[in-house]
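Trainee:
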Amino acid sequence: MSDIWTGEKVRLRGVEPGDWEGFRDLARNPVDARTSDLLEPPRSDEGFRVWTAERAGRPPGGEAFRLVIEALADRAFAGTVTVGETDNRAGRFKTGIAVTRDHRRKGYAAEATELLLTYMFAEQRHHKCEVEIHAFNDASLALYRKLGFSEEGRLRQHDFLAGDFHDVVLLGLTAHEHWTAHPRPSLR
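Its first residue numbered 1, the sequence shown is counted upward by one per residue in full-length UniProt numbering.
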């Protein structure tokens, strides 16, 4: 069986205490922070060290978790992918991704998401993945549509960012749709 955490370009791995600089760099750009979530006041380096160390000490998996995207070419911190809002009864989960500016437009986000989907569908028996994307985030909308996600709805004027209200686009992908585009992992 091949390593389901490693693709051709990236490897998904647990958070390590030394990743604090990568997380700090992701949070430093206000445009990026608003696109993926919300803008927070600046955090100290020590604050990032403590935050990252706490996440590194968490047990793997669970209802919500975060993995680091590591670029295979140079073993660099390339971003993070998350699972959250897991509903085990219904077989649904939400995911999100953030990629560092130096590692964008290289296929890392798509490959990291595909690796995560394979794990959640093949090993955790989930049936559906959902994402919520700000309507102005064209790059993320294009990424998830390329991966086979379909628009399922829109929350009008749902989030307040940069002094205005913005729509949130709801996208979903079922396990069947994922397996249609990607072969199931083999035990051999």
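Heads up, the beta-carbon is just placed ideally off N, CA and C, and yes, glycines get one too.
Keep in mind that this is a model prediction, so the values were computed, not measured.
1. Helix or strand or just coil, what does DSSP make of E70?
2. Would you check if the distance between the CB atom of M120 and the CB atom of V169 is smaller than 8 Å?
3. Determine the contact status of L155 and D167, defining contact as a CB-CB distance below 8 Å.
4. Whole angstroms is fine: what's the gap from R92's alpha carbon to G172's?
5. For A122 and R184, what's the separation of their Cα atoms in angstroms?
6. On a Cα-Cα basis, can you pick out the residue from D87, S150, F23, R58 that is closest to T100?
7. In the DSSP output, which residue or residues are listed as bridge partners for T133?
8. Once DSSP output is grouped into helix, strand and coil, what is the label at A122?
9. Between the beta-carbon of E63 and the beta-carbon of R13, is there less than 8 Å?
10. Which same chain residues, not among the five before or five after residue 189, have their C-beta less than 8 Å away from its C-beta?
11. Taking the beta strand (DSSP E) that D45 belongs to, which residues open and close that run?
12. Do you know how far the Cα of R43 is from the Cα of M1?
13. Taking the alpha carbon of H126 as the point to measure from, which residue in T174, A98, L141 has its own alpha carbon closest?
14. Since H182 and T80 should fall inside the 8 Å C-beta cutoff, what is the C-beta to C-beta distance between them, to a whole number of angstroms?
Mentor: The structure says:
1. strand
2. no
3. yes
4. 10 Å
5. 8 Å
6. F23
7. A small correction: the amino acid at residue 133 is Ile; Thr does not occupy that position in the sequence shown. In DSSP, I133 forms a bridge with V169.
8. helix
9. no
10. An answer regarding residue 189 cannot be provided, because it is not within the stretch 1 to 188 covered by the chain.
11. D45 -> not in any beta strand (DSSP E); alpha helix (DSSP H) instead, spanning 45 to 56.
12. Because M1 sits at a pLDDT of 42, beneath the cut-off of 50, its placement in the model cannot be relied upon, and the following sentence gives the value as read from the coordinates. Distance between the alpha carbons of M1 and R43: 42 Å.
13. T174
14. Contact flag wrong, Cβ pair sits at about 22 Å.
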